[in-house]
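Residue numbers (my numbering): -19 to 402.
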(Lines of atoms letter the chains of each structure in order from A and count residues from 1; the text may use other names and numbers.)
(Lines give C-alpha, C1' and ligand atoms only; values in the text may rest on other atoms or scores of the structure.)
Protein backbone atom coordinates (compact mmCIF):
# COMPACT_ATOMS: atom_id res chain seq x y z
CA UNK A 1 0.00 0.00 0.00
CA UNK A 2 1.65 3.30 -1.05
CA UNK A 3 2.02 5.81 1.79
CA UNK A 4 3.55 9.28 2.15
CA UNK A 5 6.61 8.66 4.24
CA UNK A 6 9.20 10.68 6.11
CA UNK A 7 12.73 10.95 4.73
CA UNK A 8 13.96 9.29 7.93
CA UNK A 9 11.15 7.31 9.63
CA UNK A 10 11.02 7.25 13.43
CA UNK A 11 11.97 3.58 13.59
CA UNK A 12 14.78 3.72 11.03
CA UNK A 13 17.78 1.72 12.26
CA UNK A 14 16.16 1.20 15.68
CA UNK A 15 15.83 -2.04 17.61
CA UNK A 16 12.28 -3.16 18.33
CA UNK A 17 11.41 -5.83 20.90
CA UNK A 18 7.95 -7.39 20.68
CA UNK A 19 6.83 -9.12 23.88
CA UNK A 20 4.64 -12.07 22.89
CA UNK A 21 4.21 -13.97 19.62
CA UNK A 22 0.45 -13.46 19.63
CA UNK A 23 -1.67 -12.20 16.77
CA UNK A 24 -0.90 -8.52 17.43
CA UNK A 25 2.85 -8.99 17.81
CA UNK A 26 3.19 -11.20 14.74
CA UNK A 27 1.06 -8.81 12.69
CA UNK A 28 3.28 -5.90 13.75
CA UNK A 29 6.48 -7.70 12.76
CA UNK A 30 5.12 -8.73 9.36
CA UNK A 31 3.56 -5.32 8.71
CA UNK A 32 6.80 -3.45 9.40
CA UNK A 33 8.62 -5.58 6.83
CA UNK A 34 5.77 -5.22 4.33
CA UNK A 35 5.48 -1.43 4.58
CA UNK A 36 9.05 -0.35 5.18
CA UNK A 37 10.19 2.08 2.45
CA UNK A 38 13.24 1.66 0.28
CA UNK A 39 16.25 3.68 1.38
CA UNK A 40 16.09 4.23 5.15
CA UNK A 41 17.71 1.47 7.22
CA UNK A 42 15.01 -0.88 8.52
CA UNK A 43 14.62 -1.59 12.23
CA UNK A 44 15.78 -4.88 13.70
CA UNK A 45 13.05 -7.01 15.25
CA UNK A 46 13.12 -9.60 18.03
CA UNK A 47 10.01 -11.35 19.39
CA UNK A 48 10.18 -12.89 22.87
CA UNK A 49 7.53 -15.54 23.57
CA UNK A 50 6.96 -17.15 26.98
CA UNK A 51 5.70 -20.44 25.49
CA UNK A 52 7.77 -23.05 23.72
CA UNK A 53 7.39 -23.57 19.99
CA UNK A 54 6.35 -27.19 20.55
CA UNK A 55 3.64 -26.39 23.13
CA UNK A 56 2.21 -23.67 20.92
CA UNK A 57 1.86 -26.07 17.99
CA UNK A 58 0.47 -28.91 20.10
CA UNK A 59 -2.58 -26.96 21.31
CA UNK A 60 -5.51 -26.79 18.93
CA UNK A 61 -7.12 -23.91 20.84
CA UNK A 62 -10.33 -22.40 19.56
CA UNK A 63 -11.61 -20.84 16.36
CA UNK A 64 -11.85 -17.17 15.43
CA UNK A 65 -14.05 -15.09 13.16
CA UNK A 66 -11.94 -13.02 10.78
CA UNK A 67 -14.04 -10.35 9.08
CA UNK A 68 -13.68 -7.64 6.48
CA UNK A 69 -16.27 -5.10 7.66
CA UNK A 70 -15.33 -1.52 8.53
CA UNK A 71 -14.97 -2.21 12.28
CA UNK A 72 -12.90 -5.38 11.80
CA UNK A 73 -10.66 -5.26 8.71
CA UNK A 74 -8.87 -8.53 9.44
CA UNK A 75 -9.43 -9.96 5.97
CA UNK A 76 -7.86 -6.90 4.35
CA UNK A 77 -4.80 -7.02 6.64
CA UNK A 78 -4.21 -10.69 5.79
CA UNK A 79 -4.45 -9.88 2.09
CA UNK A 80 -1.89 -7.08 2.49
CA UNK A 81 0.40 -9.54 4.26
CA UNK A 82 0.01 -12.03 1.37
CA UNK A 83 -1.41 -14.62 3.78
CA UNK A 84 -5.11 -14.58 2.94
CA UNK A 85 -5.15 -17.33 0.31
CA UNK A 86 -3.21 -19.73 2.52
CA UNK A 87 -5.53 -19.10 5.44
CA UNK A 88 -8.71 -19.40 3.36
CA UNK A 89 -7.51 -22.87 2.34
CA UNK A 90 -7.14 -23.74 6.04
CA UNK A 91 -10.43 -22.19 7.16
CA UNK A 92 -13.36 -24.21 8.46
CA UNK A 93 -15.45 -23.47 5.39
CA UNK A 94 -12.73 -25.05 3.21
CA UNK A 95 -12.66 -28.13 5.45
CA UNK A 96 -16.43 -28.66 5.74
CA UNK A 97 -18.89 -30.05 3.21
CA UNK A 98 -21.21 -27.09 3.75
CA UNK A 99 -20.39 -23.42 4.36
CA UNK A 100 -21.04 -22.35 7.94
CA UNK A 101 -22.83 -19.23 9.13
CA UNK A 102 -23.05 -17.09 12.22
CA UNK A 103 -26.33 -17.65 14.03
CA UNK A 104 -28.27 -16.51 17.03
CA UNK A 105 -30.43 -19.44 18.11
CA UNK A 106 -33.29 -20.02 20.50
CA UNK A 107 -32.88 -22.79 23.07
CA UNK A 108 -34.29 -25.42 20.67
CA UNK A 109 -31.69 -24.35 18.04
CA UNK A 110 -34.20 -22.54 15.84
CA UNK A 111 -32.26 -19.77 14.13
CA UNK A 112 -33.41 -16.29 15.14
CA UNK A 113 -30.81 -14.61 12.94
CA UNK A 114 -28.47 -16.12 10.35
CA UNK A 115 -25.61 -14.19 8.76
CA UNK A 116 -23.99 -15.98 5.84
CA UNK A 117 -20.28 -15.28 5.18
CA UNK A 118 -20.60 -16.12 1.50
CA UNK A 119 -20.73 -12.42 0.56
CA UNK A 120 -17.65 -10.45 -0.48
CA UNK A 121 -16.15 -7.14 0.55
CA UNK A 122 -13.85 -4.59 -1.08
CA UNK A 123 -10.10 -4.85 -0.80
CA UNK A 124 -7.41 -2.19 -1.29
CA UNK A 125 -7.00 -2.69 -5.05
CA UNK A 126 -10.74 -2.29 -5.67
CA UNK A 127 -11.32 -6.01 -6.12
CA UNK A 128 -13.39 -8.32 -3.96
CA UNK A 129 -12.40 -10.80 -1.27
CA UNK A 130 -14.54 -13.00 0.97
CA UNK A 131 -16.25 -10.98 3.70
CA UNK A 132 -15.10 -13.36 6.41
CA UNK A 133 -13.96 -16.78 7.50
CA UNK A 134 -13.81 -18.96 10.60
CA UNK A 135 -10.40 -20.43 11.35
CA UNK A 136 -8.67 -22.03 14.32
CA UNK A 137 -6.42 -19.63 16.22
CA UNK A 138 -3.56 -22.13 16.12
CA UNK A 139 -3.64 -22.28 12.31
CA UNK A 140 -3.77 -18.50 11.97
CA UNK A 141 -0.86 -18.10 14.36
CA UNK A 142 1.16 -20.84 12.66
CA UNK A 143 0.84 -19.22 9.23
CA UNK A 144 1.93 -15.84 10.63
CA UNK A 145 4.88 -17.40 12.44
CA UNK A 146 6.01 -19.19 9.28
CA UNK A 147 5.85 -15.87 7.41
CA UNK A 148 8.25 -14.09 9.79
CA UNK A 149 11.36 -12.98 7.90
CA UNK A 150 14.56 -14.98 8.39
CA UNK A 151 16.29 -11.81 9.61
CA UNK A 152 13.81 -11.50 12.49
CA UNK A 153 14.01 -13.75 15.53
CA UNK A 154 11.39 -15.43 17.71
CA UNK A 155 12.99 -16.40 21.02
CA UNK A 156 10.87 -19.11 22.63
CA UNK A 157 10.59 -19.92 26.37
CA UNK A 158 11.43 -16.30 27.22
CA UNK A 159 8.84 -14.60 29.43
CA UNK A 160 9.63 -10.98 30.23
CA UNK A 161 9.92 -10.37 34.00
CA UNK A 162 10.30 -6.58 34.05
CA UNK A 163 11.62 -3.57 32.16
CA UNK A 164 13.54 -0.44 33.01
CA UNK A 165 14.43 2.75 31.13
CA UNK A 166 18.14 3.15 30.47
CA UNK A 167 19.58 6.41 31.79
CA UNK A 168 23.02 5.96 30.26
CA UNK A 169 23.85 6.66 26.59
CA UNK A 170 22.29 6.00 24.25
CA UNK A 171 19.41 7.43 26.26
CA UNK A 172 15.81 6.75 25.35
CA UNK A 173 16.30 2.99 25.31
CA UNK A 174 14.54 0.32 27.40
CA UNK A 175 16.05 -2.80 28.98
CA UNK A 176 13.92 -5.98 29.06
CA UNK A 177 14.78 -8.60 31.71
CA UNK A 178 14.22 -12.38 31.61
CA UNK A 179 13.99 -15.11 34.30
CA UNK A 180 17.50 -16.45 33.68
CA UNK A 181 19.04 -13.09 34.53
CA UNK A 182 19.58 -12.14 30.91
CA UNK A 183 18.39 -8.91 29.34
CA UNK A 184 18.02 -7.18 26.01
CA UNK A 185 17.99 -3.47 25.18
CA UNK A 186 15.78 -1.81 22.59
CA UNK A 187 14.58 1.54 21.28
CA UNK A 188 10.91 0.55 20.99
CA UNK A 189 9.09 -2.05 23.10
CA UNK A 190 5.70 -3.49 22.18
CA UNK A 191 3.29 -4.53 24.97
CA UNK A 192 3.90 -5.55 28.65
CA UNK A 193 1.18 -3.48 30.33
CA UNK A 194 0.99 -5.25 33.72
CA UNK A 195 4.48 -4.19 34.81
CA UNK A 196 4.44 -0.64 33.47
CA UNK A 197 0.79 0.20 34.24
CA UNK A 198 -0.01 -1.90 37.33
CA UNK A 199 -3.04 0.22 38.22
CA UNK A 200 -4.54 -0.10 34.73
CA UNK A 201 -6.52 -3.22 35.59
CA UNK A 202 -9.24 -5.09 33.73
CA UNK A 203 -12.95 -4.52 34.39
CA UNK A 204 -15.20 -7.44 35.31
CA UNK A 205 -18.20 -7.56 32.97
CA UNK A 206 -20.37 -9.43 35.47
CA UNK A 207 -20.20 -12.68 33.49
CA UNK A 208 -18.42 -15.96 34.24
CA UNK A 209 -17.78 -18.54 31.49
CA UNK A 210 -17.25 -22.30 31.71
CA UNK A 211 -15.71 -23.38 28.42
CA UNK A 212 -14.14 -26.41 26.77
CA UNK A 213 -13.54 -28.23 23.52
CA UNK A 214 -15.60 -31.35 22.81
CA UNK A 215 -13.90 -34.20 20.91
CA UNK A 216 -15.69 -36.52 18.49
CA UNK A 217 -14.77 -39.15 15.91
CA UNK A 218 -13.71 -37.62 12.62
CA UNK A 219 -16.73 -36.04 10.89
CA UNK A 220 -19.08 -36.73 13.83
CA UNK A 221 -19.40 -33.21 15.31
CA UNK A 222 -23.15 -32.77 15.87
CA UNK A 223 -25.29 -30.49 13.73
CA UNK A 224 -25.40 -27.47 13.66
CA UNK A 225 -22.04 -27.03 15.41
CA UNK A 226 -20.22 -29.00 12.71
CA UNK A 227 -20.25 -25.85 10.55
CA UNK A 228 -22.23 -23.05 12.20
CA UNK A 229 -21.26 -20.87 15.14
CA UNK A 230 -22.94 -18.31 17.36
CA UNK A 231 -24.94 -17.74 20.50
CA UNK A 232 -27.95 -19.41 22.07
CA UNK A 233 -30.19 -17.18 24.15
CA UNK A 234 -33.46 -17.43 26.02
CA UNK A 235 -32.67 -20.14 28.59
CA UNK A 236 -34.88 -18.28 31.02
CA UNK A 237 -32.41 -18.13 33.88
CA UNK A 238 -30.00 -15.54 32.44
CA UNK A 239 -27.61 -18.19 31.15
CA UNK A 240 -26.06 -17.85 27.70
CA UNK A 241 -24.26 -20.28 25.41
CA UNK A 242 -21.74 -19.85 22.60
CA UNK A 243 -20.72 -22.70 20.30
CA UNK A 244 -18.34 -22.93 17.36
CA UNK A 245 -16.63 -25.61 15.27
CA UNK A 246 -12.88 -25.93 15.73
CA UNK A 247 -12.12 -28.78 13.34
CA UNK A 248 -13.86 -31.75 11.70
CA UNK A 249 -13.57 -33.60 15.01
CA UNK A 250 -13.96 -30.91 17.66
CA UNK A 251 -16.15 -28.00 18.69
CA UNK A 252 -16.07 -25.31 21.35
CA UNK A 253 -18.84 -24.78 23.89
CA UNK A 254 -18.89 -21.88 26.34
CA UNK A 255 -21.66 -21.52 28.91
CA UNK A 256 -21.89 -18.10 30.57
CA UNK A 257 -23.85 -16.83 33.53
CA UNK A 258 -24.20 -13.57 35.51
CA UNK A 259 -22.25 -13.14 38.73
CA UNK A 260 -21.96 -10.21 41.12
CA UNK A 261 -18.25 -10.90 41.66
CA UNK A 262 -15.46 -12.65 39.73
CA UNK A 263 -15.16 -16.35 40.36
CA UNK A 264 -12.17 -17.54 42.38
CA UNK A 265 -9.46 -18.89 40.13
CA UNK A 266 -8.97 -22.66 40.19
CA UNK A 267 -5.44 -24.04 40.05
CA UNK A 268 -4.43 -25.97 36.94
CA UNK A 269 -4.41 -28.79 36.13
CA UNK A 270 -7.88 -29.62 37.42
CA UNK A 271 -8.35 -32.80 39.43
CA UNK A 272 -10.86 -35.38 38.20
CA UNK A 273 -13.28 -34.31 40.95
CA UNK A 274 -12.98 -30.66 39.86
CA UNK A 275 -13.60 -31.62 36.22
CA UNK A 276 -16.64 -33.71 37.15
CA UNK A 277 -18.01 -30.89 39.33
CA UNK A 278 -17.55 -28.26 36.61
CA UNK A 279 -19.23 -30.41 33.95
CA UNK A 280 -22.12 -31.18 36.31
CA UNK A 281 -22.44 -27.46 37.03
CA UNK A 282 -22.50 -26.65 33.31
CA UNK A 283 -25.20 -29.26 32.66
CA UNK A 284 -27.28 -27.94 35.55
CA UNK A 285 -26.94 -24.28 34.62
CA UNK A 286 -27.56 -25.12 30.94
CA UNK A 287 -30.60 -27.31 31.55
CA UNK A 288 -32.71 -24.89 29.49
CA UNK A 289 -30.75 -25.68 26.32
CA UNK A 290 -31.74 -28.59 24.10
CA UNK A 291 -29.39 -31.12 22.55
CA UNK A 292 -26.68 -31.05 21.26
CA UNK A 293 -25.58 -28.94 24.25
CA UNK A 294 -25.58 -31.95 26.56
CA UNK A 295 -23.70 -34.05 24.02
CA UNK A 296 -21.04 -31.36 23.70
CA UNK A 297 -20.53 -31.17 27.45
CA UNK A 298 -20.31 -34.95 27.83
CA UNK A 299 -17.70 -35.11 25.04
CA UNK A 300 -15.47 -32.52 26.76
CA UNK A 301 -11.72 -32.94 26.62
CA UNK A 302 -10.80 -32.34 30.29
CA UNK A 303 -7.49 -30.72 29.37
CA UNK A 304 -9.34 -27.91 27.57
CA UNK A 305 -11.79 -27.13 30.37
CA UNK A 306 -11.48 -23.55 31.65
CA UNK A 307 -13.32 -21.17 33.95
CA UNK A 308 -13.02 -17.57 32.81
CA UNK A 309 -14.15 -14.29 34.32
CA UNK A 310 -15.12 -12.20 31.28
CA UNK A 311 -13.06 -9.01 31.50
CA UNK A 312 -12.43 -6.01 29.29
CA UNK A 313 -10.74 -2.62 29.39
CA UNK A 314 -11.10 0.72 27.67
CA UNK A 315 -8.22 1.70 25.36
CA UNK A 316 -5.70 4.38 26.32
CA UNK A 317 -3.45 6.68 24.35
CA UNK A 318 0.34 6.95 24.38
CA UNK A 319 0.63 10.64 25.29
CA UNK A 320 2.53 11.91 28.30
CA UNK A 321 -0.63 11.86 30.43
CA UNK A 322 -0.81 8.05 30.29
CA UNK A 323 2.38 7.45 32.22
CA UNK A 324 3.96 5.42 29.42
CA UNK A 325 7.66 5.76 28.72
CA UNK A 326 7.60 8.67 26.27
CA UNK A 327 7.23 6.59 23.15
CA UNK A 328 9.70 3.87 24.13
CA UNK A 329 6.92 1.43 25.05
CA UNK A 330 3.90 0.87 22.79
CA UNK A 331 0.87 -1.12 23.88
CA UNK A 332 -1.02 -3.00 21.17
CA UNK A 333 -3.70 -5.68 21.09
CA UNK A 334 -4.95 -6.95 24.44
CA UNK A 335 -2.18 -5.05 26.23
CA UNK A 336 -4.01 -1.84 25.34
CA UNK A 337 -7.67 -2.74 24.92
CA UNK A 338 -8.47 -6.18 26.28
CA UNK A 339 -11.91 -7.41 25.21
CA UNK A 340 -14.10 -10.20 26.52
CA UNK A 341 -15.00 -13.25 24.39
CA UNK A 342 -18.33 -11.55 23.64
CA UNK A 343 -16.62 -8.94 21.47
CA UNK A 344 -15.92 -11.45 18.70
CA UNK A 345 -13.41 -9.00 17.26
CA UNK A 346 -10.18 -9.36 19.24
CA UNK A 347 -8.10 -11.01 16.51
CA UNK A 348 -9.24 -8.51 13.89
CA UNK A 349 -8.30 -5.55 16.10
CA UNK A 350 -4.95 -7.17 16.92
CA UNK A 351 -4.07 -7.45 13.23
CA UNK A 352 -5.25 -3.89 12.53
CA UNK A 353 -3.16 -2.62 15.44
CA UNK A 354 -0.07 -4.27 13.99
CA UNK A 355 -0.70 -2.92 10.50
CA UNK A 356 -1.58 0.63 11.60
CA UNK A 357 1.35 0.97 14.01
CA UNK A 358 3.78 -0.28 11.36
CA UNK A 359 2.37 2.23 8.87
CA UNK A 360 2.84 5.13 11.25
CA UNK A 361 6.38 4.04 12.19
CA UNK A 362 7.26 4.08 8.48
CA UNK A 363 5.38 7.31 7.71
CA UNK A 364 6.42 9.67 10.51
CA UNK A 365 9.79 11.11 11.50
CA UNK A 366 9.05 11.29 15.24
CA UNK A 367 7.66 8.71 17.64
CA UNK A 368 5.32 11.28 19.16
CA UNK A 369 3.65 11.99 15.80
CA UNK A 370 3.57 8.30 14.89
CA UNK A 371 1.89 7.29 18.14
CA UNK A 372 -0.59 10.16 18.01
CA UNK A 373 -1.67 9.05 14.54
CA UNK A 374 -1.80 5.41 15.63
CA UNK A 375 -3.92 6.23 18.67
CA UNK A 376 -6.28 8.20 16.43
CA UNK A 377 -7.05 4.99 14.55
CA UNK A 378 -6.84 2.37 17.26
CA UNK A 379 -8.70 4.00 20.15
CA UNK A 380 -12.06 4.76 18.46
CA UNK A 381 -12.47 1.25 17.02
CA UNK A 382 -11.38 -0.34 20.30
CA UNK A 383 -13.86 1.70 22.34
CA UNK A 384 -16.58 0.80 19.84
CA UNK A 385 -15.77 -2.91 20.18
CA UNK A 386 -15.96 -2.73 23.97
CA UNK A 387 -19.40 -1.07 23.71
CA UNK A 388 -20.53 -3.74 21.25
CA UNK A 389 -19.36 -6.54 23.54
CA UNK A 390 -21.29 -5.09 26.48
CA UNK A 391 -24.41 -4.99 24.29
CA UNK A 392 -23.82 -8.62 23.26
CA UNK A 393 -23.52 -9.59 26.94
CA UNK A 394 -26.81 -7.85 27.69
CA UNK A 395 -28.58 -9.66 24.85
CA UNK A 396 -27.10 -13.11 25.49
CA UNK A 397 -28.20 -13.08 29.13
CA UNK A 398 -31.54 -11.26 28.79
CA UNK A 399 -34.69 -12.56 30.42
CA UNK A 400 -38.36 -11.58 30.52
CA UNK A 401 -39.48 -8.50 28.62
CA UNK A 402 -35.94 -7.56 27.58
CA UNK A 403 -35.51 -10.98 25.98
CA UNK A 404 -38.79 -10.55 24.08
CA UNK A 405 -37.61 -7.16 22.78
CA UNK A 406 -34.31 -8.64 21.60
CA UNK A 407 -36.13 -11.49 19.87
CA UNK A 408 -38.29 -8.97 18.04
CA UNK A 409 -35.28 -6.94 16.97
CA UNK A 410 -33.48 -10.02 15.70
CA UNK A 411 -36.54 -11.07 13.69
CA UNK A 412 -36.72 -7.56 12.18
CA UNK A 413 -33.01 -7.51 11.31
CA UNK A 414 -33.32 -10.92 9.69
CA UNK A 415 -36.32 -9.76 7.67
CA UNK A 416 -34.41 -6.73 6.37
CA UNK A 417 -31.38 -8.86 5.50
CA UNK A 418 -33.49 -11.35 3.56
CA UNK A 419 -35.22 -8.49 1.72
CA UNK A 420 -31.85 -6.94 0.72
CA UNK A 421 -30.62 -10.31 -0.52
CA UNK A 422 -33.71 -10.62 -2.71
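Backbone N, C-alpha and C define an ideal beta-carbon position, used for all residues, glycine too.
Counted within 10 angstroms of its Cβ, other Cβ atoms place residue i as buried (16 or more) or exposed
i, result
"residue 181", "exposed"
"residue 188", "buried"
"residue -4", "buried"
"residue 131", "exposed"
"residue 15", "buried"
"residue 346", "exposed"
"residue 450", "Look at the range of the chain in this structure, -19 to 402, and you will see that residue 450 is not part of it."
"residue 21", "exposed"
"residue 129", "exposed"
"residue 304", "Because residue 304 carries a pLDDT of 47, less than 50, the predicted location of this residue cannot be relied on, and the following value inherits that uncertainty. Buried."
"residue 301", "Annotation note: pLDDT 42 at residue 301 (below 50); position unreliable, no value reported."
"residue 142", "exposed"
"residue 343", "buried"
"residue 56", "buried"
"residue 376", "buried"
"residue 154", "buried"
"residue 295", "buried"
"residue 217", "exposed"
"residue 156", "buried"
"residue 272", "buried"
"residue 121", "buried"
"residue 360", "exposed"
"residue 67", "buried"
"residue 213", "buried"
"residue 334", "buried"
"residue 355", "buried"
"residue 53", "buried"
"residue 260", "exposed"
"residue -18", "Here residue -18 scores only 46 on pLDDT, less than 50, and its place in the model should not be relied on; the value that follows carries that caveat. Residue -18 should be labelled exposed."
"residue 478", "Nothing in the structure corresponds to residue 478, since the chain is present only between -19 and 402."
"residue 277", "buried"
"residue 403", "Residue coverage of the chain in this structure runs from -19 to 402, which leaves residue 403 outside it and unanswerable."
"residue 385", "exposed"
Contact under 8 angstroms by Cβ, residue i with residue j
i, j, result
"residue 161", "residue 85", "no"
"residue 225", "residue 255", "no"
"residue 228", "residue 194", "no"
"residue 44", "residue 327", "yes"
"residue 336", "residue 362", "no"
"residue 351", "residue 310", "yes"
"residue 71", "residue 123", "no"
"residue 325", "residue 184", "no"
"residue 30", "residue 139", "yes"
"residue 314", "residue 369", "no"
"residue 237", "residue 117", "no"
"residue 330", "residue 340", "no"
"residue 23", "residue -9", "yes"
"residue 221", "residue 235", "yes"
"residue 268", "residue 379", "no"
"residue 12", "residue 338", "yes"
"residue 81", "residue 96", "yes"
"residue 308", "residue 79", "no"
"residue 119", "residue 202", "no"
"residue 196", "residue 279", "yes"
"residue 127", "residue 61", "yes"
"residue 365", "residue 319", "yes"
Supposed close pair residue i, residue j - CB separation, criterion 8 angstroms
i, j, result
"residue 164", "residue 26", "7 angstroms"
"residue 416", "residue 219", "Nothing can be reported for residue 416: it is not among the residues displayed for the chain, which extend from -19 to 402."
"residue -6", "residue 167", "4 angstroms"
"residue 1", "residue 134", "6 angstroms"
"residue 136", "residue 32", "5 angstroms"
"residue 372", "residue 322", "4 angstroms"
"residue 284", "residue 192", "5 angstroms"
"residue 312", "residue 4", "5 angstroms"
"residue 76", "residue 94", "Actually they are not in contact, since the Cβ atoms of residue 76 and residue 94 sit about 16 angstroms apart, beyond 8 angstroms."
Minimum Cβ-Cβ distance from residue i to chain C less than 8 angstroms
i, result
"residue 0", "In the structure shown, chain C cannot be found, because there is only a single protein chain."
Any non-hydrogen atom of the ligand NAP within 7 angstroms of residue i CB
i, result
"residue 383", "The ligand NAP is not part of this structure, which contains no ligands at all."
Problem - Segments of 4+ residues assigned as alpha helix (DSSP H) that fall wholly inside the stretch 197 to 273 - result: With a minimum length of 4 residues, the continuous alpha helix (DSSP H) runs that stay inside the stretch 197 to 273 are 252 to 265.
Exercise for the section: Write down every uninterrupted run of the beta strand (DSSP E) in the stretch 54 to 134 whose length is 3 residues or greater and which is fully enclosed by it, in chain order. Expected result: 82 to 85, 91 to 95, 100 to 102, 108 to 110, 112 to 116
Exercise for the section: Would you check if the stretch 204 to 220 and the stretch 239 to 246 touch, i.e. whether three or more CB-CB distances between them fall below 8 angstroms? Expected result: no
Practice task
For the stretch 347 to 382, list the alpha helix (DSSP H) runs that are entirely contained and at least 4 residues long, ordered along the chain.
Solution key: 347 to 376
Problem - Sufficient close CB pairs (3 or more, under 8 angstroms) joining the stretch 110 to 129 to the stretch 45 to 61 - result: yes
Handout entry: Minimum length 3: unbroken beta strand (DSSP E) runs contained in the stretch -13 to 26
Key = Those beta strand (DSSP E) runs which fall completely within the stretch -13 to 26 and span 3+ residues are -5 to -1.
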